[in-house]
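Enquirer:
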Amino acid sequence: MSLDELASIWRAAKADPSPIVPALLRLLILVPLRREEWTRAAWDEIKINPATGDWALHIPAARMKGKRPNTVSLPRAAIELLEPMRGGEGFIFSATGGRTSFAGWKRAAARIAKAADLRTPWTRHDIRRGAATGMGNAGIRETAIARILAHSPRGFLGVTRTYERSDRSDEIREALERWAEVVGGAVEAQADTPHRLTPSAPTAAVHLRGGGRGARNRDALPA
0 MSLDELASIW RAAKADPSPI VPALLRLLIL VPLRREEWTR AAWDEIKINP
50 ATGDWALHIP AARMKGKRPN TVSLPRAAIE LLEPMRGGEG FIFSATGGRT
100 SFAGWKRAAA RIAKAADLRT PWTRHDIRRG AATGMGNAGI RETAIARILA
150 HSPRGFLGVT RTYERSDRSD EIREALERWA EVVGGAVEAQ ADTPHRLTPS
200 APTAAVHLRG GGRGARNRDA LPA
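Residues 0 to 222, numbered by numbering that gives the first Met the number 0, are exactly what the sequence shown covers, in order.
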């Protein structure tokens with residue numbers, strides 16, 4: 000999936016009638032974890048550094064494919080998608096007040112596919128693959144991409160993994176900030192492209208550019 004196609008999906012998500020799908024789909028683009036790693040994310044897995052305002056998602060081993068815990072430093076754009084949803088308990092993406100996780104992906108994906116009107120059919124894994132490709136094209140290091148995707152450290156570090164135990168949180172955050180800026184540029188380039196779904200209520204702008212930790216970025220991408 001190309002960057003232009005990811006931007007089309009991003010813009011199509013805005014008009015979806017679900018209160019959950021726009022943020023969920025955009026997070027899958029910005030922070031391309033496996034779908035279940037986002038759909039089953041809980042508020043107690045979000046950790047906020049009070050000194051810097053940085054957010055991180057701490058996924059326990061039980062929820063990871065490789066049964067290893069994973070910590071992902073979130074970019075400002077992801078934080079601004081999650082901030083309006085704060086205040087609840089349980090699952091972040093839920094139609095039952097946090098008691099159960101979001102289970103409407105199949106129908107939502109069909110709506111978004113129709114709205115985005117891409118030339119070829121796509122699956123959720125194409126989003127993850129397309130994001131990884133886009134990151135590589137943006138100059139993000141392969142090892143950083145592998146960490147973001149939560150691939151096995153043995154796969155990209157080999158025997159070095161025996162000695163190298165850092166989580167590289169700063170590097171991951173910087174890589175995801177750079178990727179958010181790339182996505183923002185692609186979305187802005189499509190700003191006048193219409194989509195088929197009836198627009199939902201306006202939502203807050205999502206900030207995708209620059210800024211230091213905890214800063215409110217001035218260049219906002221229309222949600």
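For every residue, glycine included, the Cβ atom is placed at its ideal position computed from N, Cα and C. Every value quoted in this text rests on a predicted model; they were computed, and no experiment measured them.
In angstroms with no decimal places, state the Cα-to-Cα distance between residue 60 and residue 44.
Expert: One C-alpha to the other measures close to 12 Å.
Enquirer: Quick one: Cα of residue 129 to Cα of residue 3, how far?
Expert: Cα to Cα, the separation comes out at about 10 Å.
Enquirer: How is residue 124 classed by DSSP in three states: helix, strand or coil?
Expert: Note: residue 124 maps to helix in three-state DSSP.
Enquirer: Which residues in the same chain as residue 97 place their Cβ atom closer than 7 Å to its Cβ, once the five residues preceding and following it in sequence are excluded?
Expert: Once the five neighbours on either side are set aside, the close Cβ partners of residue 97 are 87, 88, 89 and 90.
Enquirer: By the 10 Å Cβ neighbour count, where 16 or more other Cβ atoms means buried, how is residue 299 classified, buried or exposed?
Expert: Shown here, the chain extends from 0 to 222; a query on residue 299 therefore has no answer.
Enquirer: My output table needs one value for residue 65: the three-state DSSP class, helix, strand or coil.
Expert: Coil, per DSSP.
Enquirer: In angstroms with no decimal places, state the Cα-to-Cα distance between residue 93 and residue 16.
Expert: If you take the alpha carbons of residue 93 and residue 16, they lie about 15 Å apart.
Enquirer: Specify, as a first and last residue, the run of the beta strand (DSSP E) that residue 19 falls within.
Expert: It is not in any beta strand (DSSP E) - residue 19 carries neither H nor E in the DSSP assignment.
Enquirer: Determine the contact status of residue 46 and residue 57, defining contact as a CB-CB distance below 8 Å.
Expert: Result yes, Cβ atoms of residue 46 and residue 57 sit closer than 8 Å.
Enquirer: Would you kindly report the start and end of the unbroken beta strand (DSSP E) that includes residue 54?
Expert: Here the beta strand (DSSP E) through residue 54 covers 54-58.
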